[in-house]
Ligand SMILES: NC(=O)c1ccc[n+]([C@@H]2O[C@H](COP(=O)([O-])OP(=O)(O)OC[C@H]3O[C@@H](n4cnc5c(N)ncnc54)[C@H](OP(=O)(O)O)[C@@H]3O)[C@@H](O)[C@H]2O)c1
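Residue numbers (the working numbering): 770 to 1121.
This is the structure:
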């Protein structure tokens, strides 16, 4: 397998640190360059970053000098991962794409751009064809691919087999989101300890809209979005990692009972299962029958944090079915999801 040199933009942040940890010993990707703001540029990484990962800072980044996030300083990489703050991602990611450096981003800024794939490899791998419609460069060398919001990922992973089987009429979802989703230092401890915060700014619109693009169909170089309504409530809870969702779904074609829904989830096969991608979970969905599960502390790290755990699937009186979905927000919902996107792009020849 060809080796690729990668850069990380926003390398000092919570998502950037996760990239650094997850890319250690990656069989295809080697970290070549780290970028952050003017506050960090020019410093050794260990001085610039407040390391919050639970494993020690890897030796291969400690003394690396952090660069400014300017494309001219990243000419030695094949592509970049971005964990940039959204206040700067539009300009910086656009600058890299225009310079012919592909960007695989976690930031929200380009997710709704009709030419930019919003990608979950197990859900919509065909959407990568949208890259060919981007105009950042005349020769197609620079482009942007995004991964979805950290709630939209487990929600859409769980809805995919259900939409294929029964057709979705409507969804009502409430998220119980971990504090690591707010970056560092994130939510003040006096606000979150022993408490629930019933609002996360900007989150509910992403939960409503992103699954519709992900479950949309690619036709003539455009995505026709799925059209069912999603009603979302986003809350922050004192959990460190793992966003847990309560999901209620009404179908176009009602299943006989919830067991048919379980069967649809269990029999679903990931379209990327045979591609040999290093970060692809062997079982993208785990369906628990034990009513105590899933729990963030017990299951967020399953399959290296790349699995979506489902539980408590049951019939409802108002909607057809209710269940719990849960996934690791900074791995599956951010850096790990972006790494899997990059692996798919390599396997399909978009990065070579
Ligand atoms: N945390 C999650 O679970 C999660 C999940 C999905 C998506 N995301 C998205 O991923 C992105 C990063 O989130 P995070 O939680 O890692 O945030 P964070 O901890 O606040 O990190 C932000 C990063 O952006 C850099 N940055 C800020 N201003 C900059 C500038 N003017 N020029 C260059 N770099 C700049 C920071 O560098 P300095 O250290 O030098 O300031 C830092 O490396 C956000 O867009 C977020 O919405 C996060």
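From the three backbone atoms N, C-alpha and C, an ideal C-beta is built for every residue, glycine too.
Between ligand 1 and residue 889, a heavy atom-to-CB distance of less than 8 Å is absent. For the set 1004, 1091 and 1067, the Cα lying nearest the Cα of residue 1029 is the one of 1091. Ligand 1 never approaches residue 845 closely enough for any of its heavy atoms to be under 8 Å from the residue's Cβ.
Across the structure, residue 852 and residue 774 are spaced so that their CA atoms are roughly 17 Å apart.
Distance from the CA of residue 786 to the CA of residue 1022, rounded to the nearest whole angstrom, comes to 44 Å. Per DSSP, residue 819 is not a residue of any beta strand (DSSP E), being assigned neither H nor E. Put simply, of 874, 1094, 1103 and 1105 the residue whose alpha carbon is nearest the alpha carbon of residue 941 is 1094. Scanning 1116, 992, 1037 and 918 for the CA closest to the CA of residue 1044 turns up 1116. At a threshold of 8 Å, residue 849 does not count as near ligand 1, since its beta carbon sits no closer than that to any of the ligand's heavy atoms. Membership of residue 1045 in any alpha helix (DSSP H) is not indicated, and neither H nor E is assigned to it by DSSP. At least one heavy atom of ligand 1 sits closer than 8 Å to the Cβ of residue 877. Membership of residue 848 in any alpha helix (DSSP H) is not indicated; the residue belongs instead to the beta strand (DSSP E) covering 848-851. Here the alpha carbons of residue 887 and residue 994 stand approximately 12 Å from one another. Secondary structure note for residue 804: it is in no alpha helix (DSSP H), and the uninterrupted beta strand (DSSP E) holding it is 798-805. Sequence-distant partners of residue 955 (beyond 5 residues in either direction) whose C-beta falls short of 6 Å from its own C-beta, in its chain, are 948. The shortest CA-to-CA distance from residue 1019 to any of 1088, 909, 885 and 803 is the one to 1088.
With 16 or more other CB atoms across the displayed protein chains lying within 10 angstroms of its CB, residue 1072 is buried.
Contact between residue 821 and residue 953 holds, since their C-beta atoms are separated by about 6 Å, short of 8 Å. Under the three-state reduction of DSSP output, residue 1092 falls in the strand class.
One alpha carbon belongs to residue 998, the other to residue 1037, and they sit about 23 Å apart. Beta bridge pairing from DSSP links residue 1015 with 943 and 1093. Here the region 1048-1061 lies against the region 1105-1116, with 3 or more beta-carbon pairs under 8 Å apart.
Ranked by Cα distance from residue 776, the options 841, 1005, 824 and 828 are led by 841.
Counting along the chain, residue 1000 sits inside the beta strand (DSSP E) bounded by residues 999-1005. In its chain, beyond the 5 residues on either side, 817 have a beta carbon closer than 8 Å to the beta carbon of residue 808. Spatial neighbours of residue 906 in its own chain (CB-CB distance under 6 Å, excluding positions within 5 residues in sequence) are listed in chain order as 869. Beta-bridge analysis with DSSP links residue 901 to no other residue.
Between residue 1083 and residue 1119, the CB-CB gap reaches or exceeds 9 Å. Taking C-alpha positions only, residue 928 is separated from residue 1077 by approximately 11 Å.
Counting along the chain, residue 1077 sits inside the beta strand (DSSP E) bounded by residues 1077-1084.
The secondary-structure analysis by DSSP pairs residue 915 across a beta bridge with 874 and 887. DSSP, reduced to helix, strand and coil, places residue 892 outside both helices and strands of the structure shown, so it counts as coil.
Residue 908 and residue 839 have their C-alpha atoms some 21 Å from each other. Nearest C-alpha to residue 1079 among 1098, 1058, 1086 and 1070: 1058.
Note that the C-beta distance between residue 992 and residue 931 is not below 9 Å.
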